[in-house]
Structure formats: structure tokens, C-alpha cells
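Each remark here refers to the structure printed beneath this line.
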DNA sequence: CGATAACCGAGACGGTACGTCCCGTCTTCTC
DNA sequence: GAGAAGACGGGACGTACCGTCTCGGTTATCG
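See the structure below:
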């Protein structure tokens, strides 16, 4: 029953987005009772998130070829591709949006998705820092916000397009700095 | 009447957040009819945004002392201060959240707030680029995402704290790059 | 809209009885919103009663031919005919049943139906008492319970059948007493 | 287990009335499973009735002193006392109310309570009829409705109060008739 | 200056979804 | 192997807002 509900939730979410995502419609689609849903998920956002990640489970493994710049670029290009090439972008944006007024969803998103991702990235960065490639005084968490956070920014506040070139620029800018070399 | 409605909207928004922000409650608070509100605002998000900026109108002028790094740091520190020191942070986060499923609000936010801000920042950056301080191959819009976008990231997905040090790190990282100098 | 709702309520009540009488179904049948119903009726029983009497409005005028015994018999025979010959019997029984746990309905039933009926009967009886036909020490309200109340008893607790003969017996017993004349 | 369930049912019924009488709450109170209850009682009304009579078991034996009028008066006064002096009145009213839409309860009430009571009364009356005190053409079942039925009427449709005097009047009216003696 | 139009408050209305409660059935696990 | 524990689909409850829609009464403009 849990599986059926999650499946129905994912189907509804991908087909119609959070705007039409309703506990009643999920229950109907899943042939389940609303009570059953309320028993297991604290909010509709939490259900949407759970349904989304259970079926989609984007794996985006983090490459480590030794060339940090290439690895980061590859990862970010893939991330941008996911956000723009599939319906994942809209769904993630709507989930994050919902999370702003749904603490349960916010917590779930953090524990389930965003924290582990940050950690993966930090680990990869730390290896380069340990090998002396990156400066030792750099707070690697900040780096994450300047790369992936920048992508989320363009996803959520789409003033400017989210392109592969954007992903490449992010890495290049941050690696080499903006200042004209002396 | 417009003024009264905007005032009521702002009061409600600051007092209870988007979760309780309802056109009916705004109408009641303002002593206005719902029809009047619908006549002037296309969605509750647009009203919330309008109410917020009409009363708060954060001005955050962009300094230009000639020292780009200092100017950016000052600006970002002030921005972080706004987001964390007042109720503006929560309100902005909830507005952006709402905008994910409210196209009217998204457009309004873009035209009214985020685009002009980007442009101000880009102009300041361009002056430094023109003067040769910044590399000429840098896309300045990307820089905006790597500074302000990173702040929004920590606002909307608060895995990591949004501190003054974070703001300083953003500028330093990006200006000088992460790579260990040869 | 009130009229449409009352009509729908009456149709549902007569067609399916109180068991299926649901505010949601009335709303659906009437093409009305549940809120509209809740705005005007304090309970589903009150709505059922209102719907019932608005459309049925049993008039059962009280005859006064001068012959009390004949008048009472005629009235009671007609009453029994209404209770057994139409669907009114079941509906009234269910309304009274519902009223046992629905104070709003109980009050409505009393003011709207049962009190005026008692009064009509008492008036007719009083005329006979004034003319000396009935003993002056008789509490006429008690008489009502011994005639109509007895019918309700057989309606609500159907151990014994509710027949025309029963109606006739009620009047005869009470008029002449049970004791063997000396 | 049966005993525990009946006890819980009775406690709940007396404490909160039929409005809050729920199979789930009885199960919880009794520490029993709902299945167990459904195995033994066909409806919640049947359970309520069973619980009520198992613990209360009003005995109200029927006196026979040879003086019919005194016996009937004593019995009815006691009956009215039960209905008004204890919580039995409300419970019985609610049970009869529930029975209007619960056939299982209606049947149970009839077999368990109302039929035997009628029979007791009829037997007492028949003895007086056999002894020539009562007229032979009187249908004794009708008499029951004109005495006890009248009390139920005032219980279920409380337009007029249910008093000891009422009980006395019932007997006197019916015994002696209403007509002014010639 | 008085008629006439626009505007706006008030709030009713059909809807949709909410989150809760209880029904009657069922499975599971324990004693 | 009976029974507690409780999950489950179903359906109604009463509430909150949505966005649309009349109503009147008050302004404010124009004849």
C-alpha cells in the first residue's frame, strides 16, 4: 500500500505538478484511503517528496578522475541537464517552494536529499584540498553554494537561463578567480 | 483603498507569514471587499509581494568606492544582514516559494525586484571589468548567481548557516579563485 | 437556492429515508455548496424536517361537527391513514428518532409541528368541555397523549399494528372508560 | 470478554449517551478488538441495548393487589419515576431513536423489552377483565398504548412534562372515561 | 445643484480540498 | 486457535478559501 501510494504520488507529481498535487487525488489514484496517507506522511509536501525520490532516485554519482575542474564541470553539466532536460527541474523547484511553508517537507528534503549531496561534493573537494590542489583556507561548504547554489538560483528565480555554458562558467570562475592576473 | 489593502497585506505577511496569508483575511483586515482585491491583483502572491515591497522597500544602494572587493563584501554582508536580522528573510523565502506555483507572482518578483537588483550588480561589476580589474571573458551574470544566488541557496535550503563570514568567503573565493597559487 | 435545497432534501428523504440522508448528498442533488446548507440549517435533522414539511405540509384540518367522538375518530383515522398509507410514517418516525440525539431538530419539530397540533386538538376538546360534554376535571393535554401519543407509540415501537380499528378503539375506550358499567 | 464489553458499553452509554456511543470507543474502553464485538452484535444499537439491559435490568414487577386502578397507577408512577428520575429516560429515548434506522436494534428492543412488558400488562388487565371489572369488548393491547404509550410520547416528544400527576391522570381518564356522567 | 454613473463594502454562492472520525472488513501476531 | 491490535478502503463530517457574482449605499462627475 505504501508502494502504491508513492507510485500514485509520483505519477501525479510528474504529470501535473504541485499545483494539482492533492492528498485526495493521490488517495483516489492509489485506491487508498486518506487516513492511510495521513498516517504515514505528515504533510502533502512530504508525500510528494517521498514519491518523487522513491521512483526517480536520481543517482548522479560523483566522478573522481583526479582532475577536479573536469569532475566538477561534468557533475554540474549533468545536474543542469537533469534540471532542464527532464521534468525534474519543475518538480524540484515546486518541492523547494512548498518547503518554504511546510517545515516537515523542508526537514525531509534536507535529510533525504540536500545534505547528502552537499557531503558528497565536499568530500570530493576535500580530496583535492588534501592533495594541495585547493587552498587550505577555503571553506568547502561555501564552494558548494557557489556552484550548486547558483544553479538552484537560476532554477528558482529564472531571470537568466540555466545552460551548460553556465555550468562551465561557474567552475571556471571559481577555480581561477575573476581578477585579471597581474 | 489600494494603500489600505497593501498595508493590511504587509501587516498580515509580516505577522503570520505566507501560510496564513489569505485574500479573505487581507480583505477583512483592510475592511475591503474581495472583489476589489481581485480587481487589482492577479493572485495572492502578487498581492503579498506588492504589500511587502510597498511598505518595506529595501533600498540597499550599491556602493562604489573603487574597491570592488570591499564593495561586494559590504553589499553582501548587508544583504545577509537583511535576510537574517529581520523578518524579511522568511518573507522573501515564502514569496519565492509561492512563486514556484504562481506564475503571476514569479513574473512580478522578477520585474519588480530580482531583475533590477541583478542589473545594479552587473553594472557595478562592469565598471570594474572596464577598468581592467576583472577579466574580460567573465560573464557577469554568472557572477551574480555565484554571490547572491549562493545566499538565496542558504536561505531557501538552510543546510548551512547564513552568516557574515559566509558573505565574506563568497567574495574572497570568487575573486581570487580556489586553486593554490603556483 | 433555499427552495432548491429544501426540494432536494425532501426528494432524498422520501426516496431513501434518513439512513441515506446526508448533507453531502443533498448539496449534490441541489447543486449547492455544503457551506450554503450549513449557513442556514444547524443540523442535518433540521434540514430534513424543513425539507419534509415545506413540501409535504400535511394539513389535516380538525373537524368540528359538534359530535366530539365522531370528530376525534375521523381525525385519528385520517392520522393513522397518513402514517401507514404513505411514506410519511417512516419519515416521521425517522425524524423523531434523529431528534433524540439532535436537539436542534427536537426543538424545530416541537415548534413547527407537534406543539401546534397539540394545541388544535386541545382547542377542539375544550369546546366540548365548555359545553359540558367532557368532565371539567380532565387535563386535556393528557387526552392528547392518550390518543395521538398512543399512535406514535405504535409507529415507533411497532409491536402491534397501527390500524383504523386501533384509532376507533382509542376514542371509544377513552370516552367511555374501561370499567364495566354498574 | 462479553461481560467486559457489555460493561464498557453500559458505562459509555450512561456517561455520554448515544451521540458518543461508538463501537470503536466501546472496544477501546473494554480493551477488546472491534472484530470481537462485530462477532457478537449485529449493530451498535444492539450492543447499546444489550449493555444497557444487562447492567440496569429494570425489574419493575407488576403488582396485583386486586385493585386494578391502584395497581396501574403504582406501576405507571414507578415507570415515570424511572424515566425522569434516572438517566434511564434519556438512554431509552436514544435507543428508541436509534432503532428507527437500525432494524437489528428495533427487533432486539421488541423481543427483549417491549413485548414482554406489554404482555405482563395485558395479563394483569386480563385478570380484571375476566373478573368482570373491565368491559369484555375492550382490546387490552390498545389499553397498553393509552397508558405506557402516552408516557413514551411525552418522553420522546417532550412538549409537556412527564410527571407523577400525568401518570395518575392517565389511569383515571381511561378507567372512568371523559364523558360527563348523565 | 441635482441626476447619474462608477465604485466599493458586504457577503452569498458553487466549488475543491482540507484533516478527522467512524464504519465494517481484513490480516497479523501473541498468549 | 481465539482474540488484541490495528491497518485498510470507504464515506461523511464540518471548515477554510478560492474566484465569481450580485446587491445597495456612497461618492464624485457631469449636465
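Residue numbers (my numbering), protein chains in the order written: chain A, 145 to 326; chain B, 145 to 326; chain C, 145 to 326; chain D, 145 to 326. Where a beta carbon is used, it is the ideal one built from N, C-alpha and C, also for glycine.
Got a sec? Which residues, its chain only, sit under 8 Å from residue 279 of chain A by beta carbon, not counting five neighbours each side?
The answer, listed in chain order, is 273.
Which residues DSSP lists as bridging residue 284 of chain B, in chain order:
Within the DSSP bridge table, the entry for residue 284 of chain B names no partner.
I'd like the span of the alpha helix (DSSP H) that includes residue 231 of chain C, first residue to last.
Note, residue 231 of chain C: premise wrong, no alpha helix (DSSP H); not H, not E.
So what does DSSP say about residue 278 of chain A, is it helix, strand or coil?
Strand at residue 278 of chain A.
Contact list for residue 241 of chain C against chain D, beta-carbon separation under 8 Å:
By Cβ distance, chain D contributes 240, 241, 242, 243, 244, 245.
Partner residues on chain C for residue 219 of chain D, Cβ-Cβ distance less than 8 Å:
Taking the beta carbon of residue 219 of chain D as reference, no residue of chain C falls within 8 Å; the closest one sits roughly 15 Å away.
When DSSP labels each residue in this structure, what does residue 226 of chain C get in the three-state scheme?
Note: residue 226 of chain C maps to helix in three-state DSSP.
Any idea if residue 206 of chain A is buried or exposed, counting beta-carbon neighbours within 10 angstroms, 16 or more meaning buried?
Residue 206 of chain A is exposed by the Cβ-count criterion.
Given a threshold of 16 other Cβ atoms within 10 Å of its Cβ, counted over all protein chains shown, does residue 309 of chain A qualify as buried or as exposed?
Residue 309 of chain A sits exposed, since fewer than 16 C-beta atoms from the chains shown fall within 10 Å of its C-beta.
To the nearest whole angstrom, what separates the beta carbons of residue 318 of chain B and residue 291 of chain B, a pair I think is in contact under 8 Å?
Their Cβ separation, rounded to whole angstroms, is 7 Å, which keeps residue 318 of chain B and residue 291 of chain B in contact under 8 Å.
Put residue 322 of chain A into one of helix, strand or coil per three-state DSSP.
In this structure, residue 322 of chain A counts as coil in the three-state DSSP scheme.
Tell me, to the nearest whole angstrom, how far the beta carbon of residue 165 of chain D is from that of residue 157 of chain D; I am working on the premise that it is less than 8 Å.
Contact between residue 165 of chain D and residue 157 of chain D holds: CB atoms are separated by about 6 Å, below the 8 Å threshold.
Confirm, please, whether the CB-CB distance from residue 235 of chain D to residue 307 of chain D is below 8 Å.
Going by C-beta atoms, residue 307 of chain D is not nearer than 8 Å to residue 235 of chain D.
Could you please give the first and the last residue of the uninterrupted alpha helix (DSSP H) stretch that includes residue 182 of chain C?
Segment 178-184, the alpha helix (DSSP H) holding residue 182 of chain C.
At the level of alpha carbons, what is the spacing between residue 294 of chain C and residue 242 of chain D?
Separation of residue 294 of chain C and residue 242 of chain D (C-alpha to C-alpha, rounded to the nearest whole angstrom) is 20 Å.
Hey, is the stretch 170-177 of chain A in contact with the stretch 211-224 of chain A, meaning 3+ C-beta pairs nearer than 8 Å?
Taking one beta carbon from each stretch, the stretch 170-177 of chain A and the stretch 211-224 of chain A have fewer than 3 pairs nearer than 8 Å; the two do not touch.
Relative to the C-alpha of residue 151 of chain A, which candidate in A:160, A:162, A:190, A:170 has its C-alpha closest?
Of the listed residues, the one whose Cα sits closest to residue 151 of chain A is A:170.
Between residue 181 of chain C and the rest of its own chain, which residues show a CB-CB distance below 7 Å, the 5 nearest in sequence each way excluded?
In the same chain as residue 181 of chain C, and ignoring 5 residues on each side of it, the C-beta atoms closer than 7 Å to its own belong to 149, 167, 170, 171, 191, in chain order.
Look up residue 205 of chain D in the DSSP assignment and say whether it is helix, strand or coil.
DSSP places residue 205 of chain D in coil when its eight states are reduced to three.
Would you tell me roughly how many angstroms separate the C-alpha atoms of residue 297 of chain C and residue 254 of chain D, rounded to the nearest one?
Their backbone Cα atoms lie some 12 Å apart in a straight line.
If the criterion is Cβ atoms closer than 8 Å, does the pair residue 259 of chain D and residue 303 of chain C meet it?
For residue 259 of chain D and residue 303 of chain C, yes; Cβs fall inside 8 Å.
Compare the C-beta of residue 283 of chain B with all C-beta atoms of chain A and state if any pair is closer than 8 Å.
At least one CB of chain A lies nearer than 8 Å to the CB of residue 283 of chain B.
Apply the 10 Å Cβ neighbour rule to residue 246 of chain B and answer buried if 16 or more other Cβ atoms are within range, or exposed otherwise.
By the neighbour-count rule (16 or more Cβ atoms within 10 Å), residue 246 of chain B is buried.
Step through the CB atoms of chain B and report whether any lies within less than 8 Å of the CB of residue 287 of chain A.
At least one chain B Cβ lies under 8 Å of residue 287 of chain A.
Just checking: is the beta-carbon of residue 298 of chain D within a distance shorter than 8 Å of some beta-carbon in chain C?
Closer than 8 Å: yes.
Could you give the first and the last residue of the continuous alpha helix (DSSP H) run that contains residue 165 of chain C?
First-last for residue 165 of chain C: undefined, no H or E at that position.
Residue 240 of chain C and residue 300 of chain C look like a contact to me (Cβ under 8 Å); what is the Cβ gap, rounded to whole Å?
The distance from the Cβ of residue 240 of chain C to that of residue 300 of chain C is about 7 Å, consistent with a contact at the 8 Å cut-off.
Give the C-beta separation of residue 92 of chain A and residue 256 of chain A to the nearest angstrom, bearing in mind that I take them to be a contact with Cβ-Cβ under 8 Å.
Residue coverage of chain A in this structure runs from 145 to 326, which leaves residue 92 of chain A outside it and unanswerable.
So if I threshold CB-CB distances at 8 Å, which residues from the stretch 156-182 of chain D count as touching chain C?
Cβ contacts with chain C: 161, 162, 163.
Within 10 angstroms of the Cβ of residue 184 of chain B, are there 16 or more other Cβ atoms? Answer buried if so, exposed if not.
That one is exposed.
Proximity of residue 146 of chain D and residue 208 of chain D at Cβ, strictly below 8 Å
Against a cut-off of 8 Å, the Cβ pair of residue 208 of chain D and residue 146 of chain D comes out as no contact.
Verify the CB distance criterion: does residue 197 of chain C have a CB-CB separation below 8 Å to chain D?
False, the Cβ-Cβ gap to chain D never drops below 8 Å.
Using DSSP with H/G/I as helix, E/B as strand and the rest coil, what is residue 246 of chain B?
The answer is coil: DSSP assigns residue 246 of chain B none of H, G, I, E or B.
Check whether chain A comes within 8 Å of residue 264 of chain B, counting only Cβ atoms and requiring the distance to be less than that.
Residue-level contact by beta carbon fails for residue 264 of chain B and chain A, as no gap is shorter than 8 Å.
Secondary structure of residue 200 of chain B, DSSP reduced to three states:
Residue 200 of chain B falls in the coil class under three-state DSSP.
Is DSSP giving residue 195 of chain A helix, strand or coil here?
In the displayed model, residue 195 of chain A falls within a helix according to three-state DSSP.
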